[in-house]
Each structure stands twice: as structure tokens, then as C-alpha cells.
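Asks: Just so you know, our numbering puts 229 at position 69 of the sequence shown, and the rest follows in order with no gaps.
Glycine is no exception: its CB is placed at the ideal position from the N, C-alpha and C atoms.
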Amino acid sequence: MLTSWFLLPLLMLLAPAQQQPAAPPAAIPAEAVHMLNPVKPTPEGMAQAKKIYGYDCAMCHGATGNGKGDMVADLKLNLKDWTNPESLKNRTDGELYYIITNGQGQMPGETGRAKPADIWNMVVLVRSFSAH
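Below, the structure written as C-alpha cells:
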């Protein structure tokens with residue numbers, strides 16, 4: 161009996177943790193919704209956005225933005241297919257900028273990792289996925 165009191169905490173530590181449901185997405189502030197993209201697309205800006213996207217985003221969102229990156233199955237994610245024009249139709253550039261900057265759900269934000277101009281270029285890049 162005494163042995164079971166010692167084993168129970170050990171078994172609880174070794175038992176697989178139940179995954180908590182993802183928190184609902186936080187509301188995007190109205191001022192962010194109405195932000196306009198101040199960056200004009202350039203080949204250099206797009207190249208930088210593609211580089212950042214390749215390092216930080218493609219693993220989940222897919223190289224083409226189709227939402228089928230390598231990590232999707234492991235993390236049990238259901239991501240939008242940005243190659244479908246309907247997927248971003250109701251999102252403003254300001255909303256996309258806010259989400260990329262601050263993250264959403266399990267997605268970490270780019271704050272501290274990318275400059276604002278790079279994030280605006282990433283908004284352009286994400287929108288470009290459905291143009292092909």
C-alpha cells in the first residue's frame with residue numbers, strides 16, 4: 161500500500177498529458193482592422209518576405225500557402241488554403257498584419273523577429289498565393 165503512494169505521482173508524471181483545446185482567436189482591435197498597407201511591393205521586399213516565410217511560416221502554412229505544411233498533422237492543425245481566393249476575401253491587410261505580428265492560436269507572432277516593413281511585405285506575399 162505504501163508503495164502505491166510513491167508510484168502514483170510517478171505514473172501521473174509519465175502519463176500522456178491531455179491536450180487542452182486551443183483558445184478561441186482573440187478579437188482583432190478595430191484600429192488594426194482599418195490599417196492600410198504602407199509598403200509598395202518591390203522585388204527586394206518580396207524576396208525578404210519569402211525568406212522569412214520560408215523560415216517561420218511554411219512549416220505549417222505550406223510552401224505555397226495551401227495550409228499543408230509538414231507540421232500540420234503533428235500539431236493537429238486545420239489551416240486555411242490561401243491558394244483559394246475565398247480564404248482571405250473577408251480579411252483586411254490590417255487584420256493580416258495584426259495576426260502575423262501578434263500571432264493567433266498556436267501560431268507565434270513575428271514581433272521582435274521581423275521589421276514592420278517585412279511584415280507588410282508578408283501580407284502581400286500571403287495575398288499573392290491565390291493569384292497563381
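With DSSP as the reference, please indicate the residues paired to PRO268 in a beta bridge.
Replies: GLY263
Asks: Return the first residue and the last residue of the alpha helix (DSSP H) that LYS236 is part of.
Replies: LYS236 -> no alpha helix (DSSP H), and no H or E assigned at all.
Asks: Using three-state DSSP, classify THR202 as helix, strand or coil.
Replies: coil
Asks: State the CB to CB distance for the pair THR271 and VAL193, rounded to an integer number of angstroms; the pair is presumed to be in contact (CB under 8 Å).
Replies: In fact, because the Cβ distance is near 18 Å, the residues do not count as touching under 8 Å.
Asks: Contact between the stretch 191–205 and the stretch 214–226: three or more CB pairs below 8 Å?
Replies: no
Asks: Buried or exposed: where does ASN238 fall if 16 or more other Cβ atoms within 10 Å of its Cβ makes it buried?
Replies: exposed
Asks: In whole angstroms, what separates the C-alpha of TYR258 from that of MET231?
Replies: 23 Å
Asks: So the candidates are ARG273, ALA190, MET267; which of them puts its Cα closest to the Cα of ALA209?
Replies: Considering only alpha carbons, the answer is ARG273.
Asks: Would VAL199 and ALA277 qualify as a contact pair, given that the criterion is a beta-carbon distance under 7 Å?
Replies: yes
Asks: Identify which residue in ILE279, GLU191, MET195, ARG287 has its Cα closest to the Cα of GLU246.
Replies: Nearest to GLU246 by alpha-carbon distance, out of ILE279, GLU191, MET195, ARG287, is ARG287.
Asks: Please list the terminal residues of the continuous alpha helix (DSSP H) segment that includes ALA291.
Replies: Per DSSP, ALA291 belongs to no alpha helix (DSSP H) and is neither H nor E.
Asks: Looking only at its chain, what residues have a beta carbon closer than 6 Å to the beta carbon of LYS228, apart from the 5 residues adjacent to it on each side?
Replies: GLY222
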